[in-house]
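There are 2 protein chains.
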Amino acid sequence: MIVRFERVDAAAEWRDARREAGDTVALVPTMGALHEGHLSLVDTARLSADRVVVSLFVNPAQFGPSEDFDSYPRDPDRDGALAEARGADALFAPTAADMYPEEQTIWVEPGPLGDRLCGRSRPGHFRGVLTVVAKLFAILRPEVAVFGRKDFQQSVLIRRMTAQLGFGVRISTAPTVREPDGLALSSRNSYLSAGGRDTARSLSGALREARAAFAAGERRQDALEAVARRHMERAGADVEYVEVVEPEGLTRPSRAEDRHVMALAARVGTTRLIDNETLGRPSPLDEIRPGPPGSP
Amino acid sequence: MIVRFERVDAAAEWRDARREAGDTVALVPTMGALHEGHLSLVDTARLSADRVVVSLFVNPAQFGPSEDFDSYPRDPDRDGALAEARGADALFAPTAADMYPEEQTIWVEPGPLGDRLCGRSRPGHFRGVLTVVAKLFAILRPEVAVFGRKDFQQSVLIRRMTAQLGFGVRISTAPTVREPDGLALSSRNSYLSAGGRDTARSLSGALREARAAFAAGERRQDALEAVARRHMERAGADVEYVEVVEPEGLTRPSRAEDRHVMALAARVGTTRLIDNETLGRPSPLDEIRPGPPGSP
């Protein structure tokens, strides 16, 4: 039976009781609206610690004023049932008043790593993410925390924050889970129309094409980026960025290498989607047969 | 026998062992150069928890480029002996490489509360303080942390950070310890010449005079500030600020009240000193006889 708590005190008490029992704890922080991507994080968490706590919190601080905070899908009962079925031990679903007991004036600021990629179009987003994750770490003091690779810049920032603030939490990043046609699972996919769903496929298609160009010997990052951009634009996506970056400092390399990551963001209609893959290493995208010529 | 550790891992292990033994822990964060003010914090800490850990770390991040990081007094052996004699259980004296294992790019930022009072002349100071205290909290996970009231703005910021980042640490603030003539104890008093020592007395003298004016019915904060400023200037101190503030948000009230705080900073020669007292509540300054007329 999964344990549920809303209050910070109750969460800290659950944590203390686990420690007294000699159990390690893995945290899977989510905004709810759980899908197979999140549930695969629960799987990773179960392999990493004795107990797994899933947090559900649609964090207002990481949404911009014109973003989808109000419309973000919320279904905590369904989320709880899914997490329980997957073997989570506890669900921490605080209210905004629990997590922000007073006006937040002191923030964990991401610095230059937060200004790149998604940070350019989402000012304040990573400040909100890091601050709420720092709070979750301070409250739950997990031995391990598991994040999805789909939120690539986020996972880079959380690793750096954890090292730089001394949290002593092992950060685990689990691979992106994809639909059979390549689309990365995202709670925001539910916003897509049927036509939008076709266009959305072009994000993973762009990564697949760039990876193919890399495999064929292309090492100029602007050429790789152009391949990906063209693929998305042909499908009707409104490209926000496509960048080859080195995966620690998120800087643009002069020449692409195996370990470098292509990260991209695009709007499909009003829905903003992101995706990323390493250029030169095996990827689930290798298993996906591209559509017929001319299709995205 | 006091336990000493430098490494973050060793500190976290000591903490885990205390927890397993069922002991609570109080942390006294210091920059070393311990004096009776610090040692009174150890007394408070011993009353607050089963075990007391004193940290000694001259934190480079809280010094400005033209400040006294290099010349700040350091004597860890003496500090350890003093802390031990006062009943501390452990001494955590990390190196800068232990506390900053990589370039710090992610900071705990103090926001508007950090821009006031000392923040105006020490840009980045409170960012350095909050970040290192957050690290100490993350590493040592104390139940209680004890800070000196002399660093008034710091104690306000640490209370807010602790509440806003969910650390679950009880913050205790211990009264300023003073020399018989009123001078607040500070490691930086060691920089003063004999003549400077006389001038330095004017900081507490200024607070005493402002408190006397308040006791006599003066409620205009600018009049109270002028009394204090004049007193310091007559003694030859170079006043940086004198402000009456309300003690939560550090804003300037329209009219002074009992619970408001007068905070001030001044240079005596090249030495920057600070002091503060509540306006309308009992204070050790009440016990101090002012010098003869015309003296500071």
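Sequence lines, in order, name chains A and B. The first sequence stops at residue 300 when you use my numbering, and every number in between is there. The second sequence stops at residue 300 when you use my numbering, and every number in between is there. Each residue gets a CB set at the ideal place from its N, CA and C atoms; glycine is no exception. Predicted, not measured: the structure shown is a model, and the values here were computed from it.
- Taking the Cα positions, A94(A) is about 56 Å away from A214(B).
- In this structure M5(A) is exposed. Its beta-carbon is surrounded by fewer than 16 other beta-carbon atoms within 10 angstroms.
- In this structure L228(A) is in contact with E222(A), their Cβ atoms being roughly 6 Å apart against a cut-off of 8 Å.
- Three or more Cβ pairs drawn from the segment 163-173 of chain B and the segment 142-149 of chain B lie within less than 8 Å of each other, which places the two stretches in contact.
- Residue contact with chain B for K154(A): absent (no Cβ-Cβ distance below 8 Å to any residue of chain B).
- Closest in alpha carbon position to T274(A), among G240(A), P288(A), D226(A), L289(A), is G240(A).
- Cβ-Cβ distances below 6 Å link R23(B) to nothing in the same chain once the five nearest sequence neighbours on each side are left out.
- Of the candidates G115(B), V133(B), V249(B), V249(B) places its Cα closest to the Cα of L283(B).
- Boundaries of the alpha helix (DSSP H) around P80(B): 80-89.
- Taken atom to atom, the span from the alpha-carbon of G26(B) to that of R55(B) is near 10 Å.
- According to DSSP, Y195(A) shares a beta bridge with no other residue.
- Shown here for F141(A): same chain residues with a beta carbon closer than 6 Å to its own, the five before and five after excluded, namely F171, V173 in chain order.
- As a beta-bridge residue in DSSP terms, G152(B) pairs with A178(B).
- Secondary structure note for F9(B): it is in no alpha helix (DSSP H), and the uninterrupted beta strand (DSSP E) holding it is 7-9.
- Taken through DSSP and simplified to helix, strand or coil, P33(A) comes out as strand.
- Taking H129(A) as the centre and dropping the five residues before and after it, the same chain places the C-beta of Q66 closer than 6 Å to its C-beta, in chain order.
- Around the Cβ of E106(B), a 10 Å sphere holds fewer than 16 other Cβ atoms; the residue is exposed.
- Taken through DSSP and simplified to helix, strand or coil, F130(A) comes out as helix.
- For M236(B), DSSP assigns no beta-bridge partner whatsoever.
- E40(B) has a beta carbon lying at 8 Å or more from every beta carbon in chain A.
- By the 16-neighbour rule on beta-carbons within 10 angstroms, T255(A) is exposed.
- By the criterion of a C-beta distance shorter than 6 Å, V7(B) is surrounded in its chain by A94, once the five residues flanking it on both sides are discounted.
- For L289(B) and T135(A), the gap between their C-alpha atoms comes out near 41 Å.
- In the structure shown, S59(B) adopts extended strand secondary structure according to DSSP, grouped into three states.
- In this structure the segment 71-88 of chain B lies against the segment 33-41 of chain B, because at least three pairs of beta carbons, one per stretch, are closer than 8 Å.
- Contact note: E250(A) does not reach chain B at a C-beta cutoff of 8 Å; the least C-beta distance is about 15 Å.
- Counting the other Cβ atoms within 10 Å of the Cβ of R126(B) gives 16 or more, which makes it buried.
- In summary, the residues of the segment 107-118 of chain B whose CB is separated from some CB of chain A by less than 7 Å are Q108, T109, I110, W111, V112, E113, P114, G115, P116, L117, in the order they occur in the chain.
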